[in-house]
Structure formats: C-alpha cells, structure tokens
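For the record, in the sequence shown the residue sitting at position 154 is 567 according to the working numbering, with numbers rising by one throughout. Right, one structure below, let's go through it.
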Amino acid sequence: MAEKVKMDEVYARLLSADDRVVLDALATVQAQGDARAIRPMLHALAGAPDRNVEQRIVSMLNEIKVPEAVPVLVEALAEPALRSVRRTILAAFWSAGLDVRDHLELLIACAIEGNAAECLECHTVIANQEFWPERTARNAMKLASEAAEAEADTYKASLLRDIGEEMAVRLGA
C-alpha cells in the first residue's frame, strides 16, 4: 500500500508547473512505474510547455513494453482532454511495437475523424500490424475507401485510400 501511495504522489507530480519536478517524477516512473503511469504522463504531455518534458514523455511512450499499455492508450484516444496528444498516442502503438489487432475499428475511426497527421499515424500502425481479423479488415477496407472519396484534403484522402488498399492486399482482394 505504501508503494501505491508513493506512486500516486509521483503521478501527481507529473502535473506540476515546475519542469524539474516533472522530469524527476518521470525518472521515477521509468524506474518503478507500470501502466497506471500512462494516463498521468499523457495529461502531463497535454499540458507540457517545456520541450524537454515533452521529449522525455514521448520517448518513454515510444518505448513502453508493459502489456497493459494497449487498453490504457486505447481509452486515452477517446478522452477529450487528451485530444491534443492523440497523434503521440497513435505513434506509441507502432513505435513500441504494441499489438493492437483488436482495435482496427478504432484506428479507422481515428483516421477518418482526425487530421492528416493522425491519419498518417493510423496508416503506419495499420501497415505495421502483422495480423488483422478478416471481418474487421473487410469493414475497415470499405470504411477507409468510402471516407477517401468524401475527404476534401487530398493528402488525407490518399492516406485513407492507402489504408483501404492495405486491407485489400491483406485480404487477397
């Protein structure tokens, strides 16, 4: 119980206005933290005016290896307060090599709803995931292709088409 309280205090320090306090808390998280640290780190990132804090958090997220990370990151994608760091969350999936095979529908939704940078991150995650369930992949192919046709941003439309084509290749269609 004492360690939990200690880590809760560390997580609270991640939201400090003092960058040195945040960086010290990040060092403790790296040494002793678990998946519970992800959400406070994301909130710290969303409010981080300091470039060193931002770089440190992004680096830690991109190297995260705890199996419980995926559900926490997936939940964070839907949190309005973390909208400004959505691209970083998506990048963490592929940078850390996390298995997101059960979340293709969410990735497609993020690609369609998000901006071109978020769509690019989704594209990268989708292309780098080895396996996608067939039924979900078929639906993703259809949704991405339809969204590409309706997208005004030509770059994002191209990315969405590429996602649809990636799904078609995976399905042998």
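All C-beta atoms in this analysis are idealised placements derived from N, C-alpha and C, irrespective of residue type, glycine included. Treat the numbers as computed from the prediction; the structure is a model and nothing was measured.
When burial is assigned at 16 or more other CB atoms within 10 Å of the CB, is Pro453 buried or exposed? Position 40 of the sequence shown, counting from 1, holds the residue named residue 453. With 16 or more other Cβ atoms within 10 Å, it is buried.
Proximity below 8 Å, CB of Val471 to CB of Thr441: Residue mapping note: residue 471 aligns to position 58 of the sequence shown, counting from 1. Residue mapping note: residue 441 aligns to position 28 of the sequence shown, counting from 1. No, the Cβ-Cβ distance between Val471 and Thr441 is not below 8 Å.
Could you please give the first and the last residue of the uninterrupted alpha helix (DSSP H) stretch that includes Ile576? Here residue 576 corresponds to residue number 163 of the sequence shown, with the count starting at 1. Its alpha helix (DSSP H) spans residues Thr567 to Leu584.
Boundaries of the alpha helix (DSSP H) in which Phe506 is found, first to last residue: Locating residue 506 in the sequence shown gives position 93, counting from the first residue. Its alpha helix (DSSP H) spans residues Arg499 to Ser508.
For a test of the three-state rule: what should DSSP assign to Glu467, helix, strand or coil? On the sequence shown, position 54 is the one that residue 467 refers to. Reduced to three states, the DSSP call for Glu467 is helix.
Could you tell me how far apart the beta carbons of Ala504 and Glu534 are, in whole angstroms, since I believe they sit closer than 8 Å? Within the sequence shown, residue 504 is the residue found at index 91, counting from 1. Within the sequence shown, residue 534 is the residue found at index 121, counting from 1. About 5 Å; that satisfies the 8 Å criterion.
Which whole-angstrom value describes the C-beta separation of Val498 and Phe506, a residue pair presumed to lie in contact below a C-beta threshold of 8 Å? As a position in the sequence shown, residue 498 is number 85, starting the count at 1. As a position in the sequence shown, residue 506 is number 93, starting the count at 1. Between Phe506 and Val498 the Cβ distance is about 13 Å, and since that is not below 8 Å, they are no contact.
N-terminal and C-terminal residue of the alpha helix (DSSP H) that His456 is part of: Working through the sequence shown from its first residue, we reach residue 456 at position 43. Element bounds for His456: Ile451 to Ala459.
What is the C-beta distance between Pro466 and Ala457, in whole angstroms, given that I count them as a contact (C-beta under 8 Å)? For the purposes of this step, residue 466 is taken as residue 53 along the sequence shown, with counting starting at 1. For the purposes of this step, residue 457 is taken as residue 44 along the sequence shown, with counting starting at 1. Strictly speaking, residue 466 in this sequence is Val, with Pro absent from that position. The pair is a contact, with the Cβ atoms about 7 Å apart (cut-off 8 Å).
Assigned secondary structure, Val418 (DSSP; H/G/I helix, E/B strand, else coil): To locate residue 418, count along the sequence shown from 1; it is residue 5. Summary for Val418: the model assigns pLDDT 48, below 50, so the residue's position carries little reliability, and this model does not support an answer.
Going by beta carbon distance, what residues of the same chain come within less than 8 Å of Ser371, once the five residues before and after it are set aside? Within the shown structure, residues of the chain are numbered from 414 to 586, placing residue 371 beyond reach of any answer.
Once the 5 residues before and after Ala415 are set aside, which same chain residues still bring their CB inside 8 Å of it? On the sequence shown, residue 415 is found 2 positions in, with the first residue counted as 1. At Ala415 the pLDDT is 48, less than 50, meaning the model places this residue with poor confidence; the figure from the coordinates comes in the next sentence. Sequence-distant Cβ neighbours of Ala415 in its own chain, meaning closer than 8 Å and more than five residues away, do not exist here.
By a C-beta neighbour count over all protein chains shown, 10 Å radius and 16 as the cutoff for buried, is Gly446 buried or exposed? As a working mapping, residue 446 is identified with position 33 in the sequence shown. Buried: at least 16 other Cβ atoms inside 10 Å.
Going along the chain, which residues of its own chain have a beta-carbon closer than 6 Å to the beta-carbon of Asp463, five neighbours each way excluded? As a working mapping, residue 463 is identified with position 50 in the sequence shown. Hits under 6 Å: Asp432.
With DSSP as the reference, label Asn475 as helix, strand or coil. Working through the sequence shown from its first residue, we reach residue 475 at position 62. It is helical.
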